[in-house]
Amino acid sequence: MKFGETFTEYLHGDQERFLDKCSHVPYKRLKKVLKSCRICRASASSSAAQDVDEEKSGGELSHCRCESCPLCDQMFFSELTKEASAIAGCFSSRVRHLLHLHVSTGLLRYMWRLRHCFTDDQQTMVKEGQLLIEYVTMNAIAIRKILKKYDKVHCSVNGRNFKTKMQAKHIELLQSPWLIELGAFYLNCRGSDDGESGQFFSKFSCDLSDTRSVMTLTLSDSVKLEYSLTCAICLDIVFNPYALSCGHLFCKGCVCSAASVLLFEGLKAAHPESKCPICRAVGVYADSVHMTELDLLLKNRCKAYWKERMRSERAEMVKQSKMYWDSQTKFAIGY
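Numbering (the numbering used here), first residue to last: 185 to 519.
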């Protein structure tokens, strides 16, 4: 089955109710535009060949109207940017809500179970996570295929360049830190379910060896992602991990030091012009994400390491706090 048919079947399948309030790539409509453009370009090529014959015979030249293809440019790159932003926003907000419920207790957890008629709340969350992963994977594949087809029809690299622009605007779907959080959520839940959900758990793995710390997510037959869990600053497994909006992971202590802020102030206090230590992108600290599920995964799998790093971070926080308040006191009393 071609991807266009698969994508249409996905949009109108059993999960149609889930997708009612979600944005999606207008794959079918964009393919129609490409088909029209291909016919137009074929006609232009025929006209160009006729122009050459007329030029040889001394006739006047006609002008091709498809050289810049403004219709495709406007339709694809403006609309795809809009839709990719909407999809990324929808995905992140729903994953944030889901994972907040996973770690919550008390009244919030009770209301969740009441809403779902006291079914197994963790099983319900797992199903919700499956739908979200399928949602972001299908739309990411749709964007990749339509851009590849755009370049093929126009004999250009504009589609490939657009992928780079999406990364710069932090709307590349498969680079979302919330996808890593979902992967960590499934790894934390592994072993608690069987059957179909248990098979789904097998698509996620995590290697925390000394030589290579990586999380692997097999989202589909054509999409397999690997995320490094090594902090690029301390070169150790990330502790109390934070993801900047550019997608790069760091220990909280390391990235606070890189942004010249104190541990107790947090990354939100970073200067707007502070840059990512890896890609040097500006303004990536304001929307940083605390990776709570990933931190829980590391806590459960590397207990001795996690306790040692926790002890070290607390000692550093106390030290920084003391120095900060000493300096504030001296400033207040004038010496």
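In this text, a Cβ means the ideal position worked out from N, Cα and C, and glycines have one as well.
Bear in mind the structure is a predicted one, so any value in this text is a computation, not a measurement.
Alpha carbon to alpha carbon, how far is residue j from residue i? Give it in angstroms, no decimals.
{"i": "Thr303", "j": "Arg280", "result": "Confidence is the limiting factor: at Thr303 the pLDDT is only 48, short of 50, which leaves the residue's position unreliable and the question unanswerable from this model."}
{"i": "Gly188", "j": "Ser262", "result": "21 angstroms"}
{"i": "Ser376", "j": "Arg213", "result": "With a pLDDT of 47 at Ser376, under the threshold of 50, the predicted position of this residue should be treated as unreliable, and no value is reported."}
{"i": "Cys440", "j": "Lys483", "result": "21 angstroms"}
{"i": "Lys216", "j": "His474", "result": "42 angstroms"}
{"i": "Pro361", "j": "Ile417", "result": "18 angstroms"}
{"i": "Ala470", "j": "Ala454", "result": "7 angstroms"}
{"i": "Ser458", "j": "Leu451", "result": "10 angstroms"}
{"i": "Ala499", "j": "Lys336", "result": "58 angstroms"}
{"i": "Leu419", "j": "Met501", "result": "21 angstroms"}
{"i": "Leu358", "j": "Ala324", "result": "7 angstroms"}
{"i": "Ser406", "j": "Lys186", "result": "14 angstroms"}
{"i": "Lys491", "j": "Leu481", "result": "13 angstroms"}
{"i": "Arg374", "j": "His284", "result": "18 angstroms"}
{"i": "Gln307", "j": "Val209", "result": "29 angstroms"}
{"i": "Leu195", "j": "Gly313", "result": "17 angstroms"}
{"i": "Leu282", "j": "Asp479", "result": "16 angstroms"}
{"i": "His338", "j": "Glu477", "result": "44 angstroms"}
Who are the Cβ neighbours of residue i in its own chain at under 6 angstroms, not counting the five residues just before and after it?
{"i": "Thr402", "result": "Lys387 and Lys408"}
{"i": "Gly243", "result": "With a pLDDT of 44 at Gly243, under the threshold of 50, the modelled position of this residue cannot be trusted, and the question is left open."}
{"i": "Cys415", "result": "Val422, Phe434, Cys435 and Cys438"}
{"i": "Phe202", "result": "Leu315"}
{"i": "Ser277", "result": "none"}
{"i": "Thr400", "result": "Ser389 and Glu410"}
{"i": "Pro456", "result": "Gly467"}
{"i": "Ile355", "result": "Ala268, Ser269 and Ala272"}
{"i": "Ile364", "result": "Tyr411"}
Please confirm whether any heavy atom of the ligand ADP lies closer than 7 angstroms to the CB of residue i.
{"i": "Lys216", "result": "This structure lacks the ligand ADP; in fact it carries no ligand of any kind."}
Going by DSSP, which residues form a beta bridge with residue i?
{"i": "Lys408", "result": "Thr402"}
{"i": "Tyr426", "result": "Phe434 and His474"}
{"i": "Cys390", "result": "Met399"}
{"i": "Ile421", "result": "Thr414"}
{"i": "Lys212", "result": "DSSP lists no partner for Lys212."}
{"i": "Lys483", "result": "DSSP, once it has assigned bridges, lists no residue as partnering Lys483."}
{"i": "Val279", "result": "The partner list for Val279 (beta bridge, DSSP) is empty, contrary to what the question assumes."}
{"i": "Lys459", "result": "Val466"}
For residue i, which residues from the same chain have a beta carbon less than 8 angstroms from its beta carbon, with the 5 sequence-adjacent residues on both sides left out?
{"i": "Gln504", "result": "Leu446, Leu447 and Phe448"}
{"i": "Cys583", "result": "Limits of the chain in this structure are 185 at one end and 519 at the other, which puts residue 583 out of reach."}
{"i": "Gly197", "result": "none"}
Looking only at its chain, what residues have a beta carbon closer than 7 angstroms to the beta carbon of residue i, apart from the 5 residues adjacent to it on each side?
{"i": "Tyr211", "result": "Gly188, Phe191, Ala326 and Ile330"}
{"i": "His286", "result": "Met309 and Phe369"}
{"i": "Val398", "result": "Asp391, Glu410, Tyr411, Ser412 and Leu413"}
{"i": "Gly343", "result": "Leu331, Lys332, Tyr334 and Asp335"}
{"i": "Asp204", "result": "none"}
**Asked** Is the stretch 408-424 close to the stretch 345-354, with three or more CB pairs under 8 angstroms?
**Response** Cβ pair count under 8 angstroms is below three, so no.
**Request:** Say whether the stretch 266-275 touches the stretch 314-322, bearing in mind that this needs 3 or more beta-carbon pairs closer than 8 angstroms, one atom from each stretch.
**Result:** Touching, yes.
**Message:** Under 8 angstroms: do the stretch 462-478 and the stretch 500-514 share three or more Cβ pairs, one atom per stretch?
**Reply:** Contact between the stretch 462-478 and the stretch 500-514 is absent, because fewer than three Cβ pairs lie under 8 angstroms.
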